[in-house]
Amino acid sequence: MPNRVAIVGIGQTRHRSTRRDVTLPEMINEAVREALADADLTIRDIEAVFTSSMETFEGIYLPDHGAAAEIGAFMKPGFKVCTGGTSGASVVVEGFCMVAAGLYDTALVIGFEKQDCGETTAAITAATTPVWGKGAVTGAIGEFAKQALSYMETSGAKEEHAARVRLKADRGACRNEYAHLKLGLQTIEEVLKSDYLVWPLRFLDFCPQSSGACALVFATENRARKIHRKPVWIADVEVVHQEPFRAGTFGDPTGKEAYSQHVACERLYKRNGITHPRRDIDMAEVYEPSNWEEMSLYEHLHFCGKNEGWKLVEKGITEMDGEFPVNPSGGVIATNPIGATPTIRVAEAALQIRGDAGEHQVAKDVKSALATALGGPNWTVLTLLKRTL
Amino acid sequence: MRQSAKKTEKQQEYISIRFDAPRKYRWSTGKWIGRTYLEAKENKKIVANRCPQCREVLWPPMQVCGRCKVEAGEDWVELAQTGTVMQYTYLVYPLWDPHYGEKFANPYPNAMILLDDGVYIRHFLEETDPKKLKAGMRVRAVWREDAERGEGTADIKYFRTIEE
Amino acid sequence: MPERVAICAVAQTRYSPDRGDVSEGELAYEAIRQVLEETGLKLSEIESAVTCSQDFWDGRTISNMNIQPFVGAHLGHEDKVAEDGLSAVYCGMAHVLSGHHEIVLVVAHMKESQAEKSLIENCAFDPIFMRQLGLDFLGAAALQARRYMHQYGITAEQCARVVVKNRGNARHNPFAQEPLELTVEDVLASRMLAPPIRQLDTKPVSDGACALILAPKKRAAKLTRKPVWMLGASNCYEAHYLGDRDLAECRALTQAAKKAYRMAGIRHPFRDIDVAEISEEFSYQELLWLEGLGFCERGQGGSLIDSGKTCLGGKLPVNPSGGVLAGNPNQVAGMARVAEAVLQLRGEAGDRQVEGARVALAHGVTGICGQHQAVMILGKD
Chain A
736 MPNRVAIVGI GQTRHRSTRR DVTLPEMINE AVREALADAD LTIRDIEAVF
786 TSSMETFEGI YLPDHGAAAE IGAFMKPGFK VCTGGTSGAS VVVEGFCMVA
836 AGLYDTALVI GFEKQDCGET TAAITAATTP VWGKGAVTGA IGEFAKQALS
886 YMETSGAKEE HAARVRLKAD RGACRNEYAH LKLGLQTIEE VLKSDYLVWP
936 LRFLDFCPQS SGACALVFAT ENRARKIHRK PVWIADVEVV HQEPFRAGTF
986 GDPTGKEAYS QHVACERLYK RNGITHPRRD IDMAEVYEPS NWEEMSLYEH
1036 LHFCGKNEGW KLVEKGITEM DGEFPVNPSG GVIATNPIGA TPTIRVAEAA
1086 LQIRGDAGEH QVAKDVKSAL ATALGGPNWT VLTLLKRTL
Chain B
321 MRQSAKKTEK QQEYISIRFD APRKYRWSTG KWIGRTYLEA KENKKIVANR
371 CPQCREVLWP PMQVCGRCKV EAGEDWVELA QTGTVMQYTY LVYPLWDPHY
421 GEKFANPYPN AMILLDDGVY IRHFLEETDP KKLKAGMRVR AVWREDAERG
471 EGTADIKYFR TIEE
Chain C
24 MPERVAICAV AQTRYSPDRG DVSEGELAYE AIRQVLEETG LKLSEIESAV
74 TCSQDFWDGR TISNMNIQPF VGAHLGHEDK VAEDGLSAVY CGMAHVLSGH
124 HEIVLVVAHM KESQAEKSLI ENCAFDPIFM RQLGLDFLGA AALQARRYMH
174 QYGITAEQCA RVVVKNRGNA RHNPFAQEPL ELTVEDVLAS RMLAPPIRQL
224 DTKPVSDGAC ALILAPKKRA AKLTRKPVWM LGASNCYEAH YLGDRDLAEC
274 RALTQAAKKA YRMAGIRHPF RDIDVAEISE EFSYQELLWL EGLGFCERGQ
324 GGSLIDSGKT CLGGKLPVNP SGGVLAGNPN QVAGMARVAE AVLQLRGEAG
374 DRQVEGARVA LAHGVTGICG QHQAVMILGK D
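Chains as they are written, first to last, in the working numbering: chain A, 736 to 1124; chain B, 321 to 484; chain C, 24 to 404.
This is the structure:
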């Protein structure tokens, strides 16, 4: 019988675009210490350490080795997971499997990225295979630009809706001490005045490059309750990838593609008896690299019907005080240290369940939450968290 | 490799180390993509293989059809060289590209083009005036000169608007 | 262990100095196709895949994108472990033990021929203090070899005996890249690379892939008549900075081995294990790792090779396959050790078969001077 696994410690760094004051290992250590303090444990209580990052961003080969001491892995088991943008959630999944398997009673799961070390867009462009499509990709931004164009043209969404999503994210970020971009945006006009980056995405429509880390302490059932008053249970996980090169990675003009988000949700929701996500789950932390993508995700994640994502925005349903809050933390558009971002989604969702999100705690009581990750050529990882199983 | 100290008046000095990490690779196109490279170089043709099960053309050509999860074999088909632009985007400011090793603002818009036989290809457009770009415009492949070819899909320089 | 996990099939490509004829995906598929055929599974029946490759080596961010279609990951589950192949097998084991998936494909691929080893390995060294020393794994290994030999009186001849044994064993392994019939003198006469490591003390550049299928006991019977059981496994990190470790020691390996042995019920490694496959990129490493695994006392690695007990036909044959020295890509090495262990336990190892083998040990190493060590115990029963 596999073990039940709970999150009993949460830590993050205060994400910034550059952290010149620390080396990569020192930065990760900040998050580790915070997570251990939150769990009221020492590193001796941790049995294994699992990490994730995209090493081409820092230009460091085997970064988990270089940071072995600072991640607490000295003389402990563990390994590094790397699956692109979803790495931070893939490590949550693998950590979950290792603990559920009965191999460890406690584990540290860490996502990190210090994007000030290298050239992010260059590294992302290097994700195209060098023997195919060389030069015909403009980093991740280009893909999301095409997605935005598709969404604008097919769904009826206007730029004002995208701007409203950006304002929601900024309001959340300004109340989140860990968030990176806190801009104090007040009006739709401010968003629409920002320059175009890759048409039709504006600067403010897309996520930043951040440096930061996020650490979670996992424990099995018999340990969890002794460690923390409010363990947050990992009820289920689902990983769905897609073959690369499918037409329009993030915005499919053919209408033929089955999006990984859609498939992942079907499976996860079915296993957990979720038939009306906005009713059966209390909130979500989704991985939205752009505000346009957030509206698409509402649809792909079955929060609403096709072409209706922008309607949820219009009605304020996904606001912090709304019926189904999405990304009260500010989301990815405010904070994006890529290797850590999916882990941050899980951490933020867990904080909401605990009621520990401080100023960005949502108004309603959160008993269950969905954390999503997006990466690679539209890969998806879903994590379903609950207060009680 | 240089050391540079950042001096700001009231803040602590942080020393950064700069390291240019050149990496050299020699990648194999393998058998399937290799065939596409060959046909492009020698014959200015766009070829791909067709999955025996779903009958879709696999672009890029692939030994295994990802969707059907079966071996796709070598049923090679020649693709049309004209198509319709479905989506496009363009760079406004220069981005780093590791394949070129420097920042460049690619002047050519990047587009999803639906070739006339139903295959999607992602490639550049010749038209750089944003006012003249629109979804639905018809385009045709323009090949590089003989001596310049040998880089697979990059052998197509861009797609030119077909004046109709 | 609560549930038993079986390895139902293994496959390796023939390791080669240059597989410029195939892409990474096609290379991996050569091994994947074989395990599918052997188990009768269709690619669509794979429930999850654990892959093993490195962005730096494939020259591509998100290197597992290269192989998605080949592991059936379209609309499926695939995760990449960025350590040596043995840790990927360990991760696959957890997929099954956790009940999350049942039929798991584990595959490692690497083409050392397509990149510059020294440049990549140099990037593993801490960028502030160590990188500018210009070290790569060979340079660091030379430091370790010197230290180990000085501390325990290990001789160059003893290291050379490892090479003679392993390259010789490789002659009976159809997957081996470069079997060689050598004498100790041949090894000692080969070109010096970084003292004390000579050309023949290390492995050739290698390309290849290895694949396994894992399943829980209740599904294994349909997939194979000869399941091999995973009895125990663990891994362990050492300190990163070379000065923070005594390079003559291998406490991370001892720690990993201790946990793996406890899980598997191994009390006396030398007695309880019938065959061992160790990852030895450099000849001295076989001696050092054998000490760390508890097959002999500390400092006795040289005596152990001299005794002949680790030769084919000896009490505990080590690396009947030829090991890494005969040519394995680093990323695949640990998984190749598992593959060979499985073949031994099934009695399918041909002329290099260790008679009556019932329990085998597989070992994998990642990073500088074996900073990350992994051990797995496999059994026939």
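For every residue, glycine included, the Cβ atom is placed at its ideal position computed from N, Cα and C.
Just so we're clear, the structure is a prediction, and the values are computed from it rather than from any experiment.
Self-check item: For M1055 of chain A, the three-state DSSP class (helix, strand or coil)
Solution: coil
Quiz item: According to DSSP, is M215 of chain C helix, strand or coil?
Solution: strand
Self-check item: According to DSSP, residues forming a beta bridge with Q407 of chain B
Solution: B:M432
Practice problem: Evaluate the contact criterion for the region 82-101 of chain C versus the region 114-131 of chain C: three or more CB pairs, one atom per stretch, below 8 Å. | Solution: yes
Quiz prompt | Under 7 Å by beta carbon: chain A residues contacting K65 of chain C | solution = Residues of chain A passing the Cβ test: none, with the nearest at roughly 17 Å.
Self-check item: Cβ-based neighbour list, N145 of chain C, same chain, cut-off 8 Å, excluding 5 preceding and 5 following
Solution: R154, G157, L158, D159
Quiz item: What are the boundary residues of the alpha helix (DSSP H) that includes H406 of chain C?
Solution: This structure leaves residue 406 of chain C out entirely; chain C is present only between 24 and 404.
Quiz item: Ordered along the chain, which non-local residues of its own chain (more than five positions away) have a Cβ less than 7 Å from that of N764 of chain A?
Solution: E805
Exercise. List the endpoints of the continuous alpha helix (DSSP H) containing F792 of chain A.
Key: 790-793
Quiz item: Do Q996 of chain A and L1036 of chain A have their C-beta atoms closer together than 8 Å?
Solution: yes
Quiz item: If you measure beta-carbon to beta-carbon, which residues of the region 778-800 of chain A are closer than 7 Å to chain C?
Solution: M789, E790, T791, G794, I795, Y796, L797, H800
Exercise. Leaving out five residues on either side along the sequence, give the residues of the same chain with a beta carbon under 6 Å from the beta carbon of T1107 of chain A.
Key: V1021, Y1022, L1117
Quiz item: Do you know how far the Cα of G823 of chain A is from the Cα of L1105 of chain A?
Solution: 15 Å
Quiz item: Is the Cβ-Cβ distance between Q354 of chain C and A275 of chain C less than 8 Å?
Solution: no
Self-check item: Assigned exposure category for H123 of chain C - 16 Cβ within 10 Å defines buried
Solution: buried
Exercise. Give the single residue among C:A164, C:S141, C:G231 whose Cα lies nearest to the Cα of R343 of chain B.
Key: C:S141
Quiz item: In whole angstroms, what is the alpha-carbon distance linking A1085 of chain A and W968 of chain A?
Solution: 9 Å
Quiz item: What residues are listed by DSSP as bridge partners for K103 of chain C?
Solution: C:T74
Quiz prompt | Within chain C, the residues that C1000 of chain A reaches when beta carbons sit closer than 9 Å | solution = Neighbours of C1000 of chain A on chain C: none; closest Cβ ~12 Å, over 9 Å.
Self-check item: Nearest to H800 of chain A (by Cα), restricted to the options C:L327, C:K241, C:I391, C:K403
Solution: C:I391
Quiz item: Sorted by chain position, which residues of the same chain lie with C-beta nearer than 6 Å to S929 of chain A's C-beta, five sequence neighbours on each side aside?
Solution: R937, F938, L939
Quiz item: Do V382 of chain C and D295 of chain C come within 8 Å of each other at the CB atom, strictly closer than that value?
Solution: yes
Quiz item: For the candidate residues C:A111, C:V298, C:V251, whose alpha-carbon lies nearest to that of S71 of chain C?
Solution: C:A111
Quiz item: Quick one: is Y52 of chain C near chain A, going by C-beta distance under 8 Å?
Solution: no
Quiz prompt | Cutoff 6 Å; reference I962 of chain A; Cβ partners in own chain excluding five residues on either side | solution = V743, A774, A954
Quiz item: Any beta-carbon of chain B closer than 8 Å to the one on N236 of chain C?
Solution: Here the sequence assigns Ile to residue 236 of chain C, which means Asn is not the residue at that position. For I236 of chain C, the answer is no, since every Cβ of chain B falls outside 8 Å of its Cβ.
Quiz prompt | Straight-line gap, Q57 of chain C to A238 of chain C (C-alpha atoms, nearest Å) | solution = 17 Å
Quiz prompt | Any chain A beta carbon closer than 8 Å to G393 of chain B | solution = no
Quiz prompt | Given 8 Å, three or more beta-carbon pairs between the region 350-370 of chain C and the region 773-789 of chain A | solution = no
Quiz item: Thinking C-beta only, is V827 of chain A closer than 8 Å to R1053 of chain A?
Solution: Note that residue 1053 of chain A is Thr in the sequence shown here, rather than Arg. Not a contact, by the Cβ cut-off of 8 Å.
Quiz item: Can you name the residues that DSSP bridges to M457 of chain B?
Solution: Partner(s): none; M457 of chain B has no beta bridge.
Quiz item: Among A:N1113, A:T1076, A:M1055, which one has its Cα closest to the Cα of G1093 of chain A?
Solution: A:M1055
Exercise. Could you tell me if V462 of chain B is buried or exposed, where buried requires 16 or more neighbouring beta carbons within 10 angstroms of its beta carbon?
Key: exposed
Quiz item: Checking contacts by CB at 8 Å: is E1034 of chain A closer than that to chain C?
Solution: no
Self-check item: Per-residue burial, M215 of chain C [other beta carbons within 10 Å of its own, 16 or more giving buried]
Solution: exposed
Quiz item: How is Q850 of chain A classed by DSSP in three states: helix, strand or coil?
Solution: helix
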